[in-house]
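Participant: Input: one structure, supplied below.
Protein chains in written order, with my numbering: chain C, -17 to 96; chain Z, -12 to 100.
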């Protein structure tokens, strides 16, 4: 049962253009969403997050949008840079008692072409 | 302020041997998570521990896998009698109480021959 889905395994974008990475979820109990970036042979690095009470959060070139009714979130990167080439994981958090665990999507490989 | 430290970074084992993966959380973090990434797949939750307690092990296989986070020392993920299907990258993450964000280590890549 894949509760967090990233349906695009890969995405290629020209440098300077916008990258849009998408993520869908099924569990309405998720209350917090995060994006992580991962380079080869490294651990995932936190990028940006959004609470379920908001619909947008912006941090520099990165903006995350949340559409709760559609159970959909997206990460926009503009302008895209070659250094942004990495695997991007969407994650969702559900608080159950004292446990806070993240459920990850399968990732999208972003390639930014110079 | 060192991040989450995992060792070994690479571990090769033959079928039937034991694998022990260590994780030292960030200083001050008392919550530790283990995730596994199989080839071509995303990160799958395995276990969540606080000092000396397993909080949630719903993602851990029932047999051969165990985890601990003792009062002193690193968290240990132990895999007994490894099989080829255990070959994966194992990531540890930690957080502070009340924090939403997990900080990940660089991972331990296990190869079972």
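Every residue gets a Cβ at the ideal spot worked out from N, C-alpha and C, and that includes glycine.
What residue does the beta strand (DSSP E) around residue 21(C) start on, and which one ends it?
Facilitator: Premise fails: residue 21(C) is in no beta strand (DSSP E) and is neither H nor E.
Participant: With a threshold of 8 Å between beta-carbons, can residue 15(Z) be considered close to chain C, or not?
Facilitator: Chain C contact via Cβ: absent.
Participant: The beta strand (DSSP E) spanning residue 37(Z) covers which residue range?
Facilitator: 30 to 37
Participant: Assign residue 36(Z) to buried or exposed, taking buried as 16 or more other Cβ atoms, counted over all protein chains shown, within 10 Å of its Cβ.
Facilitator: buried
Participant: Flag this pair as yes or no: are the beta carbons of residue 29(C) and residue 18(C) separated by less than 8 Å?
Facilitator: yes
Participant: By the criterion of Cβ-Cβ separation under 7 Å, what are the contact partners of residue 10(C) in chain Z?
Facilitator: Under the 7 Å cutoff, chain Z gives no residues; its nearest Cβ is about 18 Å from residue 10(C).
Participant: Return helix, strand or coil for residue 66(C), following the three-state DSSP convention.
Facilitator: helix
Participant: Per DSSP, which one or two residues make a beta bridge with residue 0(Z)?
Facilitator: 99(Z)
Participant: Under 8 Å, do residue -7(C) and residue 3(C) count as touching if we go by C-beta distance?
Facilitator: yes
Participant: Name the chain C residues whose beta carbon is nearer than 7 Å to that of residue 89(Z)?
Facilitator: 84
Participant: Should residue 75(C) be flagged as near chain Z, meaning a C-beta pair shorter than 8 Å?
Facilitator: yes
Participant: Express the C-alpha separation of residue 58(C) and residue -5(C) in angstroms, rounding to a whole number.
Facilitator: 12 Å
Participant: Can you have a look at residue 89(Z) and say buried or exposed, based on whether 16 or more other CB atoms are within 10 angstroms of its CB?
Facilitator: buried
Participant: So is residue 73(Z) in contact with chain C if we call contact Cβ pairs under 8 Å?
Facilitator: No - not a single Cβ of chain C is within 8 Å of the one on residue 73(Z).
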